[in-house]
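Residue numbers (the numbering used here), protein chains in the order written: chain A, 8 to 508; chain B, 8 to 508; chain C, 8 to 508; chain D, 8 to 508.
Even for Gly, the Cβ is constructed at its ideal location relative to N, Cα and C.
Treat the numbers as computed from the prediction; the structure is a model and nothing was measured.
Let me begin by presenting the structure, written as structure tokens, before commenting on it.
Number of protein chains: 4
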Amino acid sequence: MPDHQEPNARGLFGGVFARGGVEADDTAWLQAMLDTEAALARALERAGLAPAGSGEAVTATARADNFEPNELGELAALTGNPVPGLARALARRVPQTAVSAVHRGATSQDILDTAAMLLAKRAIEVMRADLAQAAETTAGLAEAHRASIMIGRTLLQQAVPVTFGLIAAGWLTSVDEAREGLTAVRSRRLAVQFGGAAGTLASLGEAGPRVAALLAGELGLALPVLPWHTDRLRIVDLGAALARVAAALGKIARDVTLLAQSEIGEVSEGAGTPGARPADQRPADQRPADQRPADQRGADPQAPAASPRRGGSSAMPHKHNPVASIAILGCTKQVPGLLATLTMATEQELQRAAGAWHAEWEPLTALLRLIGSASSWSVELLSGLVVDTSRMAANLNATKGLPLAEHVASLLAGVLGPAQAHDLVAEAGARAVSAGLPLQDVLLAVPRLEERLSAAGVTAEQIESALEPSGYLGSADAFITAALEAHQLLEAAEAKEAGHG
Amino acid sequence: MPDHQEPNARGLFGGVFARGGVEADDTAWLQAMLDTEAALARALERAGLAPAGSGEAVTATARADNFEPNELGELAALTGNPVPGLARALARRVPQTAVSAVHRGATSQDILDTAAMLLAKRAIEVMRADLAQAAETTAGLAEAHRASIMIGRTLLQQAVPVTFGLIAAGWLTSVDEAREGLTAVRSRRLAVQFGGAAGTLASLGEAGPRVAALLAGELGLALPVLPWHTDRLRIVDLGAALARVAAALGKIARDVTLLAQSEIGEVSEGAGTPGARPADQRPADQRPADQRPADQRGADPQAPAASPRRGGSSAMPHKHNPVASIAILGCTKQVPGLLATLTMATEQELQRAAGAWHAEWEPLTALLRLIGSASSWSVELLSGLVVDTSRMAANLNATKGLPLAEHVASLLAGVLGPAQAHDLVAEAGARAVSAGLPLQDVLLAVPRLEERLSAAGVTAEQIESALEPSGYLGSADAFITAALEAHQLLEAAEAKEAGHG
Amino acid sequence: MPDHQEPNARGLFGGVFARGGVEADDTAWLQAMLDTEAALARALERAGLAPAGSGEAVTATARADNFEPNELGELAALTGNPVPGLARALARRVPQTAVSAVHRGATSQDILDTAAMLLAKRAIEVMRADLAQAAETTAGLAEAHRASIMIGRTLLQQAVPVTFGLIAAGWLTSVDEAREGLTAVRSRRLAVQFGGAAGTLASLGEAGPRVAALLAGELGLALPVLPWHTDRLRIVDLGAALARVAAALGKIARDVTLLAQSEIGEVSEGAGTPGARPADQRPADQRPADQRPADQRGADPQAPAASPRRGGSSAMPHKHNPVASIAILGCTKQVPGLLATLTMATEQELQRAAGAWHAEWEPLTALLRLIGSASSWSVELLSGLVVDTSRMAANLNATKGLPLAEHVASLLAGVLGPAQAHDLVAEAGARAVSAGLPLQDVLLAVPRLEERLSAAGVTAEQIESALEPSGYLGSADAFITAALEAHQLLEAAEAKEAGHG
Amino acid sequence: MPDHQEPNARGLFGGVFARGGVEADDTAWLQAMLDTEAALARALERAGLAPAGSGEAVTATARADNFEPNELGELAALTGNPVPGLARALARRVPQTAVSAVHRGATSQDILDTAAMLLAKRAIEVMRADLAQAAETTAGLAEAHRASIMIGRTLLQQAVPVTFGLIAAGWLTSVDEAREGLTAVRSRRLAVQFGGAAGTLASLGEAGPRVAALLAGELGLALPVLPWHTDRLRIVDLGAALARVAAALGKIARDVTLLAQSEIGEVSEGAGTPGARPADQRPADQRPADQRPADQRGADPQAPAASPRRGGSSAMPHKHNPVASIAILGCTKQVPGLLATLTMATEQELQRAAGAWHAEWEPLTALLRLIGSASSWSVELLSGLVVDTSRMAANLNATKGLPLAEHVASLLAGVLGPAQAHDLVAEAGARAVSAGLPLQDVLLAVPRLEERLSAAGVTAEQIESALEPSGYLGSADAFITAALEAHQLLEAAEAKEAGHG
């Protein structure tokens with residue numbers, strides 16, 4: 008990890024959009040270009056195309072703080088990219104004997120594309136670590152909340168019961184799928200670019216492929232079948248892998264903002280104090296009193312006020328903005344447009360493109376930074392998530408049995424036939440809604456139903472039992488188990504990959 | 008308006024994505040192309056470049072049902088667009104004397120672009136009518152709910168009080184802004200395209216501009232300064248005007264889905280019976296009992312079950328899906344990507360483009376259809392919207408005064424100074440939250456506060472009054488008035504425009 | 008493959024945007040939904056949850072021509088999607104004994120999502136076949152044109168020599184990468200959706216996972232870890248795989264339009280007669296005279312005129328529009344925006360989404376249709392491509408040696424040192440440009456150069472030889488070989504996959 | 008204009024993507040936020056809501072160099088945006104008496120949105136100046152090249168003749184349309200945001216609208232009807248106006264890259280030396296010899312080598328990369344994706360949004376920067392454009408009369424009837440192509456044609472004359488005149504606007 012910048016020199020909006028360990032600023036770009044030039048010098052030397060010692064000499068010089076980004080940026084206006092200026096500046100700085108090892112055989116795009124791959128590789132390593140932690144925490148939530156029953160919501164309306172564990176299992180699965188994609192792209196699709204002016208490596212004679220292979224080895228990048236100057240599928244693959252992370256995290260963040268609404272209050276973001284231990288994942292009512300959500304603690308108006316909270320507003324003390332979720336959404340909502348730009352830029356002309364290639368650099372940089380930031384935020388969001396099972400229970404009970412109507416209907420179908428059972432429950436449901444009464448009360452008040460039911464051996468207790476949410480969770484638990492098993496498999500695969508990486 | 012299709016032959020997803028009066032299918036396209044060819048024949052005749060009677064003869068033949076879209080579509084594969092096949096088919100069908108008036112001077116793009124403008128013009132007229140109705144209904148909501156106090160929500164958290172009238176005034180303003188944009192694009196930016204093979208109208212000699220002007224007149228489209236074969240700003244303008252409608256309606260639909268959540272329930276979508284009178288806009292508790300939201304009607308489990316409801320689910324009787332809002336969002340969420348395609352397609356080569364032009368047709372058609380559908384849905388959504396002021400009151404009271412903390416602090420600031428007042432209220436607020444007590448109770452329990460307040464002449468009644476939401480609405484009413492006045496101005500402008508149109 | 012529609016009932020623009028074997032219209036959607044319902048009935052029966060024979064009964068009824076899309080589309084307005092109407096219509100049509108097997112356990116999204124996966128699976132099979140053929144043809148071009156030297160062009164300027172074989176090898180590699188992605192998505196990411204109202208399959212009790220597995224087996228789709236109602240990474244994966252095809256084909260089409268420019272003329276699109284044999288891939292001058300490009304045939308003004316050509320214009324006989332390339336670009340340029348919509352729509356709320364899910368259907372359908380069309384066009388484009396090696400040679404020679412300046416400089420570097428060699432050649436090059444003379448002539452006219460060169464043993468013949476383009480192709484041939492080997496490996500893998508598929 | 012940064016501290020890619028006078032970096036943002044806070048303090052003072060002198064005191068402190076962006080960026084992580092930290096830091100720095108004038112009544116979004124409008128206003132002023140210059144230069148090209156005949160190209164194939172003046176007139180029209188849009192957005196749509204926590208300005212009591220109006224006056228921004236916290240049509244309008252500039256400039260840049268291709272060579276980019284006079288716009292062959300394109304100067308291999316050229320490559324002396332065009336395309340190709348993000352972000356929840364608002368900041372900043380850069384590049388591109396009329400003539404003649412086939416056919420139609428005339432010319436054209444002969448020669452060799460023509464009084468001279476390109480330009484000149492007149496009208500309107508601005 009380069010130590011070239013203060014960890015927090017991320018600018019005015021960096022706290023939101025450039026959080027965490029991913030480096031994708033000018034310095035990181037510059038260093039990646041220099042690393043590429045240095046690796047090329049070493050590769051040339053190993054191929055016998057540059058003097059002994061030149062690889063080391065170039066490597067020693069190729070440090071970002073030896074160069075001035077603004078100056079290179081100005082020179083970039085002469086050629087349309089910063090590499091020619093950089094290569095010349097590098098050649099001026101290395102010992103005379105190493106000059107011939109600088110940039111030999113390469114075109115600007117070789118250096119810039121390979122640097123982009125390096126930048127991506129480094130960023131992905133950071134994301135993978137963050138997302139592994141986020142996944143682990145989410146797996147913990149899924150396990151801890153297997154029995155935390157809550158109402159499922161579809162189209163933003165209360166539907167039928169689920170468990171919070173099942174929701175967490177869904178989050179886990181998508182985060183794991185996103186991680187898998189990052190690993191695959193990193194190992195298979197991040198490749199060196201090395202083709203020279205028009206993709207023939209003509210100036211290296213026959214030695215081209217050998218130098219390319221050595222370069223790939225030096226940088227830990229894949230070796231492509233042939234130069235990919237205007238075959239940009241790798242860029243699409245990288246963009247898509249990052250967009251998948253955004254898809255997974257944006258969904259989680261959206262769920263948290265919804266479940267954290269004042270009127271729902273089933274989860275909330277923790278205080279987010281740096282260095283805090285991961286939140287206790289036990290259901291709220293099984294935790295020590297001081298870690299319980301406020302409304303479970305009992306009233307004590309004399310208790311000391313909480314220290315300033317993240318997401319809080321002293322003027323609006325009831326407010327608890329889900330800042331991590333909002334920051335994630337602020338990042339992920341920018342992704343579709345950026346991915347569209349990368350996809351559009353694949354239409355590149357002939358041997359090297361006039362404009363479409365240039366249009367890739369900024370969206371790619373932004374994607375790495377934004378997904379890096381969102382990944383970092385996700386660790387904080389998930390490890391600090393406060394789950395309020397008592398609110399879940401309260402919200403579930405608020406509709407007085409109606410979410411179980413379907414279940415009751417299936418019980419009655421055996422007695423009345425499906426059509427009549429359905430109609431009867433539907434009617435009872437409508438009445439319960441309009442009357443504000445529990446479904447059970449309305450059902451048991453239906454004239455002559457009781458006698459037919461008892462004739463058929465269906466008891467009021469059975470109806471009552473059918474109205475019990477915990478009896479209508481279907482495969483929720485099985486699905487949690489499946490998600491956790493898949494997670495274990497992925498962890499094993501990732502560990503193996505790390506061993507090879 | 009062509010009567011060439013059954014009003015509901017809109018296909019499997021048409022009920023959602025192709026609702027209302029906008030026609031943007033193959034038949035509408037075909038008719039618009041034929042209308043263009045016919046208008047060109049008339050213009051040529053008027054310019055003395057085609058035999059007398061040829062304009063009428065071509066016009067009589069130029070009816071979509073004389074042609075077969077699938078056949079023309081197959082021929083389109085030979086040239087990349089359907090116009091050459093159509094022009095040839097048209098020429099075969101007109102009387103011999105009129106053949107020379109068919110397609111003379113035109114290139115395929117002239118016909119297709121002008122047809123697109125006609126299609127857009129017709130679609131915009133339908134949208135403008137729908138949106139005028141939606142705006143009028145929304146203005147009615149703003150007026151009727153000036154005093155319907157509810158909690159304002161920021162970042163999906165309860166914040167400070169607003170009125171539902173203010174929310175409606177905000178919706179109104181954006182719908183009116185969107186209407187204004189449609190009108191401007193229709194009158195100023197929808198222009199004929201007429202340039203011939205390379206934009207010189209060479210085959211017409213000197214007569215080009217005259218024929219172009221006559222053509223514009225025939226079709227009621229603007230006359231451009233010069234052909235715009237590869238200057239696609241008009242397409243961007245059209246796309247942006249449609250995207251603005253999506254922006255206005257998508258925001259309203261999002262708000263409705265949120266306010267209609269089971270746990271919030273402040274609005275709901277009406278039954279949406281076709282031909283229904285606009286919903287009664289009085290606050291719910293001032294309406295006749297049978298029009299009140301269910302939970303205000305009193306319990307009557309024997310009341311007849313509602314007839315099948317739109318958005319309902321017989322298996323989940325408590326569910327009331329906001330179908331109109333969801334359909335609108337289903338439409339509007341497709342818009343950014345389609346607008347991106349149109350914007351990307353502006354990079355058109357030289358005299359006529361190889362691919363970018365072709366890439367416009369489908370997204371433009373989709374935008375017209377989707378915004379037409381969303382506009383139609385918005386009429387239903389807004390005229391059927393049920394506003395539940397009692398739920399608004401209940402939700403506002405649920406936080407027991409906390410949204411007014413800011414207001415109390417400003418009252419106390421005169422006594423204690425701003426800093427101390429702020430701290431005191433913030434502390435009281437935090438205690439109120441943790442204790443689940445009304446802010447007022449906590450505040451009045453602060454030791455020694457009372458005596459300082461009474462020393463300063465601040466009474467408990469004043470604090471109580473500062474905690475009254477209706478006293479903390481600031482400029483809400485003034486903003487409603489301003490929005491309604493701006494709406495009246497727009498109505499006057501639109502009426503004037505209609506007089507000219 | 009359903010035979011429910013005339014092969015060419017693709018509408019007014021279908022010849023361009025809906026070519027080939029992919030079915031993605033309403034009928035295909037309807038059939039896919041019905042296939043899903045039928046498979047569910049069979050799965051339920053196999054799981055013992057539906058009467059014997061009900062699977063077969065439902066399957067027999069579940070044919071698209073038994074249903075009316077427009078009618079279902081109208082009903083879709085009531086619930087926001089066409090499935091409830093379809094399920095009810097299906098239940099009405101099956102024998103009474105099979106009614107309980109219809110739609111049991113499923114929510115609308117289960118049917119619609121699974122149908123989308125089926126549609127995608129069928130479309131991908133068609134694309135894979137088309138792209139396999141396109142790749143094979145391209146491999147042929149790469150092999151045939153190993154020695155067809157032409158000028159490489161970077162930033163749309165002539166640069167250094169390449170071969171057309173290398174260009175074709177680049178195209179091949181990207182098409183093969185795109186094929187690989189389709190295969191991977193089809194086998195790993197196209198999965199059944201089956202979760203019931205909120206993803207618990209509650210109404211099936213414990214049997215949920217078993218029925219899901221049977222359903223997956225019936226349809227040849229993958230079984231997911233858990234329902235993915237609001238985890239849309241699969242949709243992103245599908246969209247990205249299709250966008251990769253667009254990236255590969257759009258790049259090829261762009262290259263062809265550029266190389267086919269009147270002033271370049273190195274390739275042209277063939278006549279594209281249906282059923283034509285793949286074009287002869289030998290270099291133009293090795294083919295029988297009547298298959299050679301016009302300008303190699305010798306003058307015979309009396310020869311019979313060509314029959315009407317695709318892409319031709321009788322009014323502009325010199326024009327030969329590259330219609331297939333343009334059609335491909337017309338398709339591929341729409342892809343980034345559509346992918347953005349799918350990516351944006353991943354932010355789906357809680358258990359099932361309000362709008363974002365609905366916004367997926369149309370862009371997904373459009374992507375399948377457009378990539379299907381582009382794939383079909385690519386077969387025609389590549390198999391009909393006419394390569395004019397004499398124009399390649401002429402264009403290469405037009406710059407009179409300048410593209411080889413770099414090569415000469417490297418020869419001289421041994422004598423003069425790199426810096427001086429570079430300067431000398433650069434100066435000679437500049438003079439050659441301004442004088443319009445061959446580089447060789449200018450170089451040999453440099454005073455005193457000759458004597459220094461002969462002193463160093465460099466002969467004029469060596470300089471001449473360094474100016475020979477065929478000597479400056481570097482690894483072009485090796486890269487072609489590598490691409491062809493990778494292609495063979497892919498073919499083997501695809502064949503194996505087909506064996507399993 | 009703030010003088011807070013070195014004119015070239017634009018970073019590693021700034022020479023390409025951040026050229027010219029637009030400031031859109033952190034410092035510019037910070038200053039715009041501070042300018043907003045200062046203007047608010049002055050407005051409050053003028054409204055009698057802040058002590059005398061407080062406006063001036065806050066204004067004096069509100070300078071970007073008093074604050075540290077990185078620090079504020081870190082604090083932004085606590086609340087999701089940098090304003091609370093900034094407001095607190097500002098309050099700490101102003102004299103005690105002015106504290107109450109800091110941020111009063113405002114919510115973070117008020118400050119940030121208004122700052123964005125200020126930033127946009129300042130950026131648009133710079134763009135307008137650049138684009139006015141670009142338009143003026145383009146008008147000069149249109150006038151100077153009224154008679155510079157060249158071949159028009161459609162679908163990248165030679166079609167019929169045009170003039171370069173007509174091409175320039177088309178460019179001019181689109182640039183002028185783009186300028187008009189910027190002016191309209193600046194004056195009508197850039198508005199202050201001032202609504203307080205939930206859009207009611209509650210903490211200001213009745214004074215809200217008055218303070219808002221004063222604030223608008225202080226900043227020279229429009230006053231909206233009501234706060235637009237979640238009505239984002241203004242952002243769409245700004246984005247669309249910027250995208251229109253991209254549409255105009257991207258098209259020009261694409262044309263230049265195509266016309267500058269080695270094989271076409273009709274235009275090239277000038278050397279682009281800073282401070283250079285605008286290029287001589289006379290046709291190349293009317294200029295002094297040393298300003299003519301190389302191939303018109305006569306051979307002089309001994310002439311001094313050109314000094315290092317922008318866009319040049321010393322290794323490939325024949326290359327002259329169109330760097331300005333490429334840079335413009337590198338900017339404009341990023342625009343559709345960014346506009347999509349802004350459009351997507353319009354779906355904002357209730358009173359203030361959770362994520363969608365945040366997602367606007369970066370794309371808006373990028374759009375201002377990129378369009379600023381493209382505008383600056385366009386001045387250089389257009390004022391330095393070298394037009395080579397002799398290459399235009401040569402390329403036009405290369406097809407030996409074929410582009411005039413249509414014209415000849417219309418001449419013969421009077422004699423032979425349109426059908427026969429068309430067939431005869433089409434056949435002759437086909438033969439001319441296959442034989443590589445001039446159309447004229449083939450036509451005159453058609454047996455028995457001559458006698459029929461002379462019988463009808465058509466002479467060989469008339470055919471020859473019909474084959475003269477200058478006789479087949481139709482309305483090209485009239486269109487140039489129209490474009491120049493429209494340009495004059497716009498200049499007058501802009502001048503008037505500037506008077507008011």
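Closest Cβ-Cβ distance between GLY436 of chain D and chain B: below 8 Å? Translated into the one-based positions of the fourth sequence, residue 436 of chain D becomes position 429. Not one chain B Cβ lies under 8 Å of GLY436 of chain D.
Under the three-state reduction of DSSP, which class applies to GLN164 of chain A: helix, strand or coil? Along the first sequence, read from residue 1 onward, the residue named residue 164 of chain A stands at position 157. Three-state result, GLN164 of chain A: strand.
Using the C-alpha atoms, what's the distance from SER441 of chain C back to PRO308 of chain D? The count along the fourth sequence starts at 1 and reaches residue 308 of chain D at position 301. The count along the third sequence starts at 1 and reaches residue 441 of chain C at position 434. Residue confidence for PRO308 of chain D is low, a pLDDT of 33 falling below 50, so the modelled location carries little weight and cannot support an answer.
Which partner residues of THR170 of chain D appear in the DSSP bridge assignment? Residue mapping note: residue 170 of chain D aligns to position 163 of the fourth sequence, counting from 1. Bridge partners of THR170 of chain D: D:ILE156.
Contacts around LEU173 of chain A, its chain only, beta-carbon distance under 7 Å, and the 5 residues preceding and following it disregarded: The count along the first sequence starts at 1 and reaches residue 173 of chain A at position 166. Closer than 7 Å at Cβ, skipping near neighbours: ALA483, PHE486 and ILE487.
ALA500 of chain C in three-state terms, based on DSSP: In the third sequence, counting from the first residue as 1, residue 500 of chain C sits at position 493. Here ALA500 of chain C sits in helix by DSSP.
To the nearest angstrom, report how far apart ARG195 of chain C and ASP238 of chain C are at their CA atoms. What you label residue 195 of chain C is simply residue 188 of the third sequence in a count that begins at 1. What you label residue 238 of chain C is simply residue 231 of the third sequence in a count that begins at 1. Going by the C-alpha atoms only, they are around 16 Å apart.
Out of A:ILE335, A:ALA331 and A:HIS327, state which residue places its alpha-carbon closest to the alpha-carbon of ALA255 of chain A. On the first sequence, residue 255 of chain A is found 248 positions in, with the first residue counted as 1. With distances taken between Cα atoms, ALA255 of chain A lies closest to A:ILE335.
On the CB-based measure, 16 or more other CB atoms within 10 Å of its CB, does ASN404 of chain C come out buried or exposed? Counting from 1 along the third sequence, the entry for residue 404 of chain C is found at position 397. ASN404 of chain C comes out exposed.
Residue-level contact to chain A via CB, GLN358 of chain C, 8 Å cutoff: For the purposes of this step, residue 358 of chain C is taken as the residue at position 351 of the third sequence. Closer than 8 Å to some Cβ of chain A, the Cβ of GLN358 of chain C qualifies, so yes.
Reference PRO89 of chain D, options A:VAL330, A:GLY28, A:LEU419 and A:LEU349, closest by Cα: Counting from one through the fourth sequence, the residue named residue 89 of chain D turns up at place 82. Checked all of A:VAL330, A:GLY28, A:LEU419 and A:LEU349; the closest Cα to PRO89 of chain D is A:VAL330.
Anyone know if the C-beta pair for ALA528 of chain C and GLY391 of chain C falls short of 8 Å? Because residue 528 of chain C is not part of the residues shown, which for chain C are 8 to 508, the question remains open.
Could you check whether the stretch 209-220 of chain A touches the stretch 146-159 of chain A, counting it as contact only if at least three pairs of C-beta atoms, one from each stretch, sit closer than 8 Å? no
Alpha carbon of ALA31 of chain A to alpha carbon of ASP120 of chain A, nearest angstrom: As a first step, residue 31 of chain A must be located in the first sequence, where it is residue number 24. As a first step, residue 120 of chain A must be located in the first sequence, where it is residue number 113. Looking at the two C-alpha atoms, the distance is approximately 14 Å.
In angstroms with no decimal places, state the Cα-to-Cα distance between VAL465 of chain A and GLN165 of chain A. Position 458 of the first sequence holds residue 465 of chain A. Position 158 of the first sequence holds residue 165 of chain A. So the two alpha carbons sit approximately 28 Å from each other.
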